[in-house]
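Trainee:
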Amino acid sequence: MKTIFVVGSINTDLSISAPYLPAKGETLTGGGFITAHGGKGANQAVAAARLGGRVVMCGCVGAEPFGIQAKEALKAEGIDVRFVREIADCPTGTAVILVIDGDNRIILDKGANAFLTKEDVDLALAEAGEGDILLSQLENPIDVVGYALRLGKKKGMYTVLNPAPAKEEAEKYLEFCDLLIPNETEAEILGGRAALAKKIRELIVTVGGDGFERYAEGRVEKYPCIPVKVVDTTAAGDTFCGGLCSKLSEGESLLAAAKFAGAAASLACTKKGAQPSIPKKEDAERLLRASI
Numbered sequence: 060m061k062t063i064f065v066v067g068s069i070n071t072d073l074s075i076s077a078p079y080l081p082a083k084g085e086t087l088t089g090g091g092f093i094t095a096h097g098g099k100g101a102n103q104a105v106a107a108a109r110l111g112g113r114v115v116m117c118g119c120v121g122a123e124p125f126g127i128q129a130k131e132a133l134k135a136e137g138i139d140v141r142f143v144r145e146i147a148d149c150p151t152g153t154a155v156i157l158v159i160d161g162d163n164r165i166i167l168d169k170g171a172n173a174f175l176t177k178e179d180v181d182l183a184l185a186e187a188g189e190g191d192i193l194l195s196q197l198e199n200p201i202d203v204v205g206y207a208l209r210l211g212k213k214k215g216m217y218t219v220l221n222p223a224p225a226k227e228e229a230e231k232y233l234e235f236c237d238l239l240i241p242n243e244t245e246a247e248i249l250g251g252r253a254a255l256a257k258k259i260r261e262l263i264v265t266v267g268g269d270g271f272e273r274y275a276e277g278r279v280e281k282y283p284c285i286p287v288k289v290v291d292t293t294a295a296g297d298t299f300c301g302g303l304c305s306k307l308s309e310g311e312s313l314l315a316a317a318k319f320a321g322a323a324a325s326l327a328c329t330k331k332g333a334q335p336s337i338p339k340k341e342d343a344e345r346l347l348r349a350s351i
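Quick note, the sequence shown lines up with residues 60 to 351 if you use this note's numbering.
1. Quick check on the burial criterion: 16 or more other C-beta atoms within 10 angstroms. Buried or exposed for Tyr-274?
2. Need the endpoints of the alpha helix (DSSP H) that Gly-302 sits in, please.
3. Can you tell me which residues form a DSSP beta bridge with Asn-70?
4. Quick one: what does DSSP say Tyr-274 is sitting in, helix, strand or coil?
5. DSSP state of Asp-291, grouped into three classes?
6. What's the C-alpha gap between Ala-316 and Leu-307?
7. Determine whether the beta carbon atoms of Gly-121 and Cys-149 lie at a separation below 8 Å.
8. Does the distance from the C-beta atom of Asp-162 to that of Gly-152 stay below 8 Å?
9. Which one of Gly-250, Arg-252, Val-219 and Glu-228 has the shortest CA to CA distance from Cys-236?
10. At 3 residues or longer, and completely inside the segment 86-149: list those beta strand (DSSP E) runs for me, N to C.
11. Does the distance from the C-beta atom of Ala-320 to that of Ala-294 stay below 8 Å?
12. From which residue to which residue does the beta strand (DSSP E) around Ser-195 run?
13. Is the Cβ-Cβ distance between Ile-30 and Ile-240 less than 8 Å?
14. Verify whether the separation of the beta carbon atoms of Ala-304 and Gly-112 is less than 8 Å.
15. Which residues in the same chain have their Cβ closer than 6 Å to the Cβ of Gly-301, if we skip the five residues on either side of it in sequence?
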């Protein structure tokens, strides 16, 4: 089994459900408030670990209760947290999530995530070998993410980028990606599916309740999601990315890995919260078998 190195964000999520999006100046009564560990990087690391992968996390947290708890939570999942750096006098990244009819709206304070450095990446990837997997996103400084992708390619790693939140500046780093996993909106911001398919070796576009699309050899293949009762879509995309990498680390083909990841993402929609909603490997495999 290959090792999955996740270079990414670590947050605390504050989530509440509401019947609708409040208007300017409106105070709205909601419910179901929860505090959970999140951040795209941490979510994807937890998904990769919980779904069967061996994971190393590289990121930053504040040297305060939220950060210490987030780091301990990652460690409890069996994730190597030696390269999670604590920063004094800085808050851990925080996401305020409003859930309406199962869909989420998110406001993010990057906090310590903004202080990830190339030196952090150097330390974490020093132990990476050829064929290991690098998984990253765009909630950290984009030049640091780009540096990680470039270094990963130089070391012979399989590089995966989930370009979220999408930024046009990421285009210059796409040449260092073996696999790009945007959603529909992110794909459009980066130039559109057709253009991306010509630039990227492998392209998978997640399309929410419609599943995912794989672009390969000049054609597109569509794979529907496994239908479930949706409670909260938070971290469904992160679960997909982490689950896919977990199967790739086991030597599965990209398509087989993506189908497994789709099943895991469907299950993630059936529970509230980010990391609390991420399923275990056996549950995702069971759902996938039942859907065939």
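Note that beta-carbon positions come from the ideal geometry of N, C-alpha and C, so glycine has one too.
Quick caveat: nothing in here was measured; it's all calculated off a predicted structure.
Mentor: Looking at the atomic coordinates:
1. Taking the first residue of the sequence shown as 1, we reach residue 274 at position 215. Under the 10 Å beta carbon count, Tyr-274 is surrounded by 16 or more other beta carbons and is classified as buried.
2. Here residue 302 corresponds to residue number 243 of the sequence shown, with the count starting at 1. For Gly-302, the enclosing alpha helix (DSSP H) begins and ends at 295-308.
3. As a working mapping, residue 70 is identified with position 11 in the sequence shown. Gly-97 and Gly-152.
4. Working through the sequence shown from its first residue, we reach residue 274 at position 215. Of the three classes helix, strand and coil, the one that applies to Tyr-274 here is strand, per DSSP.
5. Mapped onto the sequence shown, residue 291 falls at position 232. If DSSP states are grouped into helix, strand and coil, Asp-291 belongs with coil.
6. Counted from its first residue, the sequence shown places residue 316 at position 257. Counted from its first residue, the sequence shown places residue 307 at position 248. For Ala-316 and Leu-307, the distance between alpha carbons rounds to 6 Å.
7. Looking up residue 121 in the sequence shown gives position 62. Looking up residue 149 in the sequence shown gives position 90. It is a contact, given that the beta carbons lie within the stated cut-off.
8. Taking the sequence shown and counting its residues from 1, the one referred to as residue 162 is at position 103. Taking the sequence shown and counting its residues from 1, the one referred to as residue 152 is at position 93. Contact: no.
9. Along the sequence shown, one-based indexing puts residue 236 at 177. Comparing Cα-Cα distances from Cys-236 to each of Gly-250, Arg-252, Val-219 and Glu-228, the minimum goes to Val-219.
10. Runs of the beta strand (DSSP E) inside the segment 86-149: 90-97, 113-121 and 139-146.
11. Counted from its first residue, the sequence shown places residue 320 at position 261. Counted from its first residue, the sequence shown places residue 294 at position 235. Their beta carbons are not under 8 Å apart, which means Ala-320 does not touch Ala-294 by this criterion.
12. In the sequence shown, the residue the question calls residue 195 occupies position 136. From DSSP, the beta strand (DSSP E) with Ser-195 extends over 192-195.
13. Here the chain has residues from 60 to 351 only, and residue 30 is not among them.
14. For the purposes of this step, residue 304 is taken as the residue at position 245 of the sequence shown. For the purposes of this step, residue 112 is taken as the residue at position 53 of the sequence shown. Position check: residue 304 holds Cys in this sequence, whereas Ala was assumed. Yes, they are a contact pair.
15. For this step, residue 301 is matched to residue 242 along the sequence shown. For Gly-301, where only same-chain residues beyond five positions count, the Cβ hits under 6 Å are Gln-103, Ala-106 and Ala-107.
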